[in-house]
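Scroll down for the structure; my scribbles are underneath it.
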Amino acid sequence: MDLRTTYMGLELSSPIVVSASTLSQETHNIVEMEESGAGAVVLFSLFEEQIRAEAARYSSVRNTTSNIFAEASGFFPELDNYATGTEEYLEKIWAAKAEVEIPIIASLNGITSEGWIEYSRQIEQAGADALEINIFFIPGDVHVSSSEVEHRYLNIITEVRNTVKIPVAVKLNPYFSSTGNMALRMQKAGADGLVLFNRFYQPDFDIHELKILSNLQYSGSNEIRLPLLWIAMLYGRVPVSLAATTGVETATEVIKYILAGADVAMTASALYKNGIGYLKTMKNDLDQWMKDMGFGSIKDFKGILSQQNISDPTAFERANYIKVLQSKR
Amino acid sequence: MSNKEKMIATLDGNEAAAYIAYRVNEVCAIYPITPSSTMAELADEWAAKGIKNIWGNIPDVIEMQSEGGAAGTVHGALQTGSLTTTFTASQGLMLMLPNMYKIAGELTAAVFHVAARSLAAQGLSIFGDHQDVMAARSTGFAMLGSASIQEAHDFALIAQAASLRSRIPFIHFFDGFRTSHEVNKLELIPDDQIRQMIPDELVFAHRNRSLSPDNPFIRGTAQNPDVYFQGRETVNPFYTATPGIVEDVMKSFAKMTGRKYDLFEYTGAPDAERIIILMGSGAETVEETAKLLNSRGEKTGVITVRLFRPFSLAHLLKALPETVKSIAVLDRTKEPGASGEPLYQDILTSLVEGMQEGLLKKMPKLIGGRYGLSSKEFTPAMVKAVFDELKKDNPKNHFTIGINDDVSFTSLEYDPAFTLDESEWRQGLFFGLGADGTVGANKNSIKIIGENTPLYAQGYFVYDSKKSGARTVSHLRFGPKPIRAPYLISKADFVACHQFNFLYKVEMLEFAKQGGTFLLNSAYDKNEVWDKLPAAAQKFIIDKKLKFFVIDATTVARDTGMSGRINTIMQTCFFALSGVLPREEAIAEIKKTIEKTYYKKGKAVIEQNFQAVDATLDHLYEVTVPATVTGKFVSLTDVVAAEAPDFVKNITAKMMVGHGDELPVSMMPIDGTYPSGTTQWEKRNISDLVPVWDPEVCIQCGNCAYVCPHSVIRAKFYHEDNLKKAPEEFPSAPINSRGFPETRYTLQVYVEDCTGCNLCVEVCPATNPGDRSRKAINMDEKEPILEKEKANIKHFENITWNDRSMIDFSTVHGAQFLEPLFEFSGACAGCGETPYLKLLSQLYGDRLLVANATGCSSIYGGNLPTTPWAVNKEGKGPAWSNSLFEDNAEFGLGMRISTDKHTAVARELLTELATQTGQPLADSILNATQLLESEVIDQRKRVAELKQKLSTIDGDRARQLLSVSDNLVNRSVWLVGGDGWAYDIGYGGLDHVLASGRNINVLVLDTEVYSNTGGQASKSTPTAATAKFAAAGKSIGKKDLAMQAISYGNVYVARVAFGANPQQTLLAMREAEAHDGPSLILAYSHCIAHGYDLRDGLDQQQKAVHSGYWPLIRYNPTLRKKKQNPFILDSARPTIGLKDYAYNELRYKVLTRTHPEQAEKLMKLAQEMVNLRWKNYEELATLPASDFVPVA
């Protein structure tokens, strides 16, 4: 079967892409991902605040331990080239590019305008095939209006777009008043792709210890419905590549997302659970399903269950909602 | 030539010398010792960066286990033809002496660079004088002394060139601290010129003399009476030739660089009648003073001795003006019992020989004197006094200058008000905290001005002797001509106080010049600040008509996102106000530097710093100075409590406020003996935040008291009646142990002694159910509770310490009720070593003998003015001493042997005198077991009774017994030191002492680096960590000292980490003491050298254990005797990876940034080592007893 797909103009051998995770911190894992059939790999995220925090920590430790008593001028060398994270990240891109053929998509999680511009520039120079920007911003301040939040997103996209030439994907969250309109505006601001969706950090409580729990939980296949809905809604309406990134545990979710209109489906949790080699199983299962269903290529079934391709678009809208509710009676 | 073409730099003396030494050698064998460590560190750093010598190769830099080891390596490398050097000072040079005789005896070219320092005599001193180099003057090494930073650079090269030509090895020395640490502007010698001075033929000749199997010979024979003497005399022609060679080299050097030097350099009036002869940095002071005196019509001069060995009579006489009538020779050393100090003796001999041989027409009057020991100031005023003395018909010989010797009356009086013309200089004094970056910023200012403008700059930095809350004073001078003033500033144009509370501790404005500028970092604005100043400061400001400026640097720093970094702000103010450069130019220079410093960190960081600079200028205000004093009068000298002992009031207190220089000889203890427990009188108040106890929430576990590094948190339980007279707010809670009715518990925080480290809060397990953010102990503002807590402390002190026989020593909970006899040390905030020492003092303090190796623990344990080893109410407490770095194990063993000897003598005598003292008493003493605390207490009572009886018995034997009877109470002998001592320099001795079978206890405070000298690698430094001398990461594993000691079979061994398992630490200390034989405890000690905020120290200790990096073990030979497995593994299987522990610390993390591949490789290796060791330990823990070494 022809599993090839195109994501933001990049030719991929498979629609199964590894999403940003710590797995890609090791170059040999990236090699294994390619060998197991990944179409592309989104590298682990470069967090601006981590870089800044580490630089600050280094300088704070140095400042508080230098010239403090007569016998010791300091405990740590003055490092002209103390790389505070970016260099390491850039070297990972470089190393991955040297080892594998599949596209390497860098992931950047910035804070400041300066950070977005500077690091995206460096990432492009290091040879990344594309950049996924991860705008993680919880508008906790009740005085910040929705339009302010939206502008913030769009400004970042514009800045990055103006800085780099490689394709830029935006990993966004679903909590906009008008998600579809926002997607369109993001595309207009320069996004080549949209990754649906970012999972915000959602804490839990320990009711015995009266503590906040901040452990991370992998997404499950039961969570795919929201991104599925929006991919199906956006497909064909916003001229942009679509990637799905929640709840991909098996080939089934990959298939569903492509049916909705995604160019690629991303997973890391499946690999955490089953190992990187599980990509092969997913790919084989996809292949088998296509055979069973008589689809010769990805484009044969991409988006066929999207809003624009089904005869009853209300399945995605309010009318269907009412039906579903009523069916529960 | 322009500055750039001329290679102008601002460096300290160490770097100036090392710059050359590194370039003209192939091998550097090194070992850290203050004040020379920087030279070795730089050599290592340069090698790590791939900087090459003049022959295009990177010198091989190797750190050795001691200076003795370094000298041996130097000797071996020289003998096999490498150009080899080393850097050292003080005791380090002493350890090199044996090899130096060999190196010189074999006519081997080499240069040892020495930052000359005092020797440990009645006390150790890290500061500068010539005692060390003078002790090496008989080795056969030539001795070339530099008097300035430029000379330290130039003479390093001249020494090397002359050594290769003469085949005589050289000591190149300069004054420790005054030259080694002074930053000054100098002209660097370009590599091609260095190359020119070291012709290849000389290098080849050196190599051709080397040992080689291709041209075999034997060197280093043993010689008999028939030929040794003659052999010793063969070298004479070489020594005779050397002065001429040095002179030639100096001439070539002058031709090349324009800087002219002589062996004996005369400056002053051509017809001088009075001259001073000396060497080292003081020469500049004498020259400048003579210049002034001569301008006033006097006829004075100075001979600066450059080449002290071989001593050239001819050159000396050539330098001596014929008109000279009287000479004072100044020695910066002390040779007790000699007829005079070395330079004086040599000059005297030379003059007499000169007269005898007719080379000198008239014998001038000659006197000798001592000055400047241990970096004692040597000022123009003192020089003038010496010149004045020479005017007298009968000048005082063997005088001292700079002190008040009211015992032997050697000292000359001087007028401190005499100064040179300082009008060309801009002088600034900066009072800061060690941790606030003041010194760093000032070093930066010197670089900015020295390297970017035609101005000359000089900086010298004075630190107090504490490691936490240390005060720094920066002395900066700027001027249009080279600054030759190797002494502190006494009249400053600019005085800056970076910490407001210093105004209440130091009389800093006495150093301000009339009409000068005073800058204060103050939270009070320009309108409120005046009334907050102490009266004395106000008076100075009014009387001296000072221009007074304030800035709230802390707020500006915070608002511009540079929280906690006031240094940039204060530096900007200095540039704006000092007038060293025009204001605009100065600010532009600062910004240029910021850009240069941070260009790699991105525009945002640069912008942030720029904003800080601009905000500084916007928030810098001049205060309108009122005409009257309104402040409170605070006596700075009245710093100790009225109930302090006289010694503390009269002597210690003077040192505390910086007036120690005024103390006369008569007030000094004659043999270095000082009273114990003086830190209690020095209330340093260095932390604004202090722990506050919440009795309601507290579960009385004692963890906070246990971990407190400064013994600031103490607990007592007591009858509730004690509350009757308590201050109203005295906190108290019912004790939570059962069976103690009417008993209360109080946890008292000694707030004035707290360093604010936070460990107590971190360790507290109890959370306030009403406010989950608070615990049973919380850091709060000190100011509002200070007076209340002072009263509480007073009351707490009056509550009797709990009866030791009532306390369960075996638990952490119980240990909190033991009085600590190690308190309020100057150790770093959050120190990971001191909790062990405190615990030791709590357990055995009243019968403890401590031998302390030199290092951090000897500095916070024994550095004046105040020391932490304390005394209990009965007048008993730890007896502590520090001998040297290398010999501590042997020193401690000597204590044990002596104690055992006197115990044996006492037992013999008591047996003999039993009928007189009473047989039952004698029997009960002789047969007493003293394992339990209650048994020790009983024995103490019996010995007291014995002493009382003996005092009534006549006869020699009774008097003999009385003098040793205290030894009948078991003494606990502990050898304390760091890993530098135990793993490296003292390892041979430690090994021997452990093998002695004697009842000694060794506590190794393992920080895994030489913490005291700045974090150099030791054999304890772990794989994958960086340290100085291991910049590319340590690739060899940490020595398993525990297993080495275990191999003897009869040594009790424990590896502990109080932050991970305090109970196991306590158990190990008790088992070690109970073991009648050698014991070794390896104690994990978190340290600032590890590179993280030490408030996380306990957490890191846990991670060290949980990762398997620091497995907790105990090896108890007693169990082996009982046919049980003596090896106990106290920690559980690793639950986290080594990375999860290591990468929280900069010492590991830094390698992932500088050498990522190496870091990955080493971390993998280190993890494998951890796994392997764990596997081995697990196996050991399950073996039958018979698989371990049997114990006799």
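Chains as they are written, first to last, in our numbering: chain E, 26 to 354; chain X, 70 to 1261.
Yeah, the Cβ is synthetic: ideal placement off N, Cα and C, and Gly gets one too.
8 Å Cβ cut-off: residues of chain X touching residue i
| i | result |
| --- | --- |
| leucine 235 of chain E | Arg841 |
| glutamate 116 of chain E | Pro1225 |
Presumed contact (8 Å Cβ cut-off) between residue i and residue j, rounded CB distance
| i | j | result |
| --- | --- | --- |
| alanine 211 of chain X | valine 183 of chain X | No, alanine 211 of chain X and valine 183 of chain X are not in contact; Cβ-Cβ is about 13 Å, not under 8 Å. |
| isoleucine 436 of chain X | lysine 465 of chain X | 7 Å |
| serine 38 of chain E | leucine 68 of chain E | With 8 Å as the limit, serine 38 of chain E and leucine 68 of chain E do not qualify as a contact, their Cβ atoms being about 18 Å apart. |
| leucine 238 of chain E | arginine 841 of chain X | About 14 Å; that fails the 8 Å criterion. |
| alanine 287 of chain E | isoleucine 41 of chain E | About 11 Å separates the two Cβ atoms, so there is no contact after all. |
| phenylalanine 886 of chain X | aspartate 822 of chain X | Actually they do not touch by this definition, with Cβ atoms about 19 Å apart. |
| glycine 150 of chain X | histidine 250 of chain X | So it is not a contact: roughly 34 Å between Cβ atoms. |
| arginine 236 of chain X | alanine 178 of chain X | 6 Å |
| proline 549 of chain X | glutamate 493 of chain X | 6 Å |
7 Å Cβ cut-off: residues of chain X touching residue i
| i | result |
| --- | --- |
| threonine 90 of chain E | Ile1157 |
| alanine 123 of chain E | Neighbours of alanine 123 of chain E on chain X: none; closest Cβ ~14 Å, over 7 Å. |
| phenylalanine 101 of chain E | Gly1160, Leu1215, Val1219 |
Where residue i meets chain E, residues with beta-carbon distance less than 7 Å
| i | result |
| --- | --- |
| aspartate 808 of chain X | Looking at the sequence provided, one finds glycine at residue 808 of chain X rather than aspartate. Neighbours of glycine 808 of chain X on chain E: none; closest Cβ ~32 Å, over 7 Å. |
| valine 508 of chain X | Asn92 |
Extent of the continuous alpha helix (DSSP H) run through residue i
| i | result |
| --- | --- |
| phenylalanine 580 of chain X | Careful: phenylalanine 580 of chain X lies outside any alpha helix (DSSP H) and carries neither H nor E. |
| glycine 961 of chain X | 957-986 |
| tyrosine 114 of chain E | 111-124 |
| lysine 601 of chain X | 598-601 |
Interface residues of chain E facing residue i [CB-CB closer than 8 Å]
| i | result |
| --- | --- |
| glycine 1083 of chain X | Glu96, Ala97, Ser98, Gly99, Phe100 |
| threonine 103 of chain X | Ala95, Glu96 |
| glycine 503 of chain X | Asn92, Ile93, Phe94 |
| valine 183 of chain X | Those within 8 Å of valine 183 of chain X in chain E number zero; the least Cβ separation is about 17 Å. |
| threonine 623 of chain X | Within chain E, no residue comes near threonine 623 of chain X; the closest Cβ sits about 15 Å away, beyond 8 Å. |
| alanine 539 of chain X | Ile93, Phe94 |
Extent of the continuous beta strand (DSSP E) to which residue i belongs
| i | result |
| --- | --- |
| tyrosine 525 of chain X | 525-532 |
| asparagine 159 of chain E | 155-159 |
| aspartate 1256 of chain X | Element bounds for aspartate 1256 of chain X: n/a, residue is neither H nor E. |
| glutamine 817 of chain X | 812-818 |
Residue i: contacting residues in chain E (beta-carbon distance under 9 Å)
| i | result |
| --- | --- |
| alanine 939 of chain X | By Cβ distance, chain E contributes nothing, its closest Cβ being about 23 Å from alanine 939 of chain X, past 9 Å. |
| lysine 608 of chain X | Residues of chain E passing the Cβ test: none, with the nearest at roughly 32 Å. |
Cross-chain neighbours of residue i in chain X, by beta carbon under 9 Å
| i | result |
| --- | --- |
| glutamate 113 of chain E | Thr1221, Arg1222, Pro1225 |
Point to revise | Secondary structure, beta strand (DSSP E): runs of 3+ residues fully inside the segment 428-478 of chain X | key: Note on the segment 428-478 of chain X: whole beta strand (DSSP E) runs with a minimum of 3 residues are 434-440, 468-470, in chain order.
Point to revise | Minimum length 4: unbroken alpha helix (DSSP H) runs contained in the segment 278-349 of chain X | key: For the segment 278-349 of chain X, whole alpha helix (DSSP H) runs of length 4 or above, ordered along the chain, are 297-302, 305-326.
Review point. Listed from N- to C-terminal order along the chain, which residues in the segment 50-83 of chain E have their beta-carbon within a distance smaller than 7 Å of any beta-carbon of chain X?
Key: Residues Ala80, Tyr83.
Practice item. Kindly provide the ranges of any alpha helix (DSSP H) runs that are 4 or more residues long and lie completely inside the segment 713-782 of chain X, ordered along the chain. Key: The qualifying runs are 722-725, 772-776.
Review point. If you measure beta-carbon to beta-carbon, which residues of the segment 113-127 of chain X are closer than 7 Å to chain E?
Key: Answer in chain order: Glu114.
Check your understanding: Listed from N- to C-terminal order along the chain, which residues in the segment 277-290 of chain E have their beta-carbon within a distance smaller than 9 Å of any beta-carbon of chain X?
Key -> If the cut-off is 9 Å between Cβ atoms, the segment 277-290 of chain E has nothing near chain X.
Check your understanding: When you check each C-beta in the segment 186-215 of chain X against every C-beta of chain E, which residues fall closer than 9 Å?
Key -> Residues passing the 9 Å Cβ filter: Ile195, Phe196.
**Study point:** Interface residues of the segment 185-197 of chain E facing chain X [CB-CB below 7 Å]
**Key:** Those residues of the segment 185-197 of chain E that come within reach of chain X (Cβ to Cβ, closer than 7 Å) do not exist; the list is empty.
Check your understanding: At a Cβ cut of 7 Å, what residues of the segment 129-152 of chain E count as close to chain X, listed as they run along the chain?
Key -> Flagged, chain order: Thr137, Glu139, Glu143.
**Study point:** Ranges of the beta strand (DSSP E) found wholly within the segment 847-929 of chain X, counting only runs of at least 3
**Key:** Restricted to the segment 847-929 of chain X, the beta strand (DSSP E) segments that are unbroken, complete and at least 3 residues in length are 917-921, listed in chain order.
**Study point:** Chain-ordered residues of the segment 480-506 of chain X with a beta carbon less than 8 Å from chain E
**Key:** Flagged, chain order: Gly503, Ala504, Gly506.
Practice item. Go through the segment 621-693 of chain X residue by residue and report every complete run of the beta strand (DSSP E) that reaches 3 residues or more, in order. Key: 690-692, all fully within the segment 621-693 of chain X.
**Study point:** Every unbroken beta strand (DSSP E) within the segment 208-252 of chain E, with a cutoff of 3 residues, ordered by chain
**Key:** Segments of the beta strand (DSSP E) lying fully in the segment 208-252 of chain E: 218-221, 229-231, 236-238.
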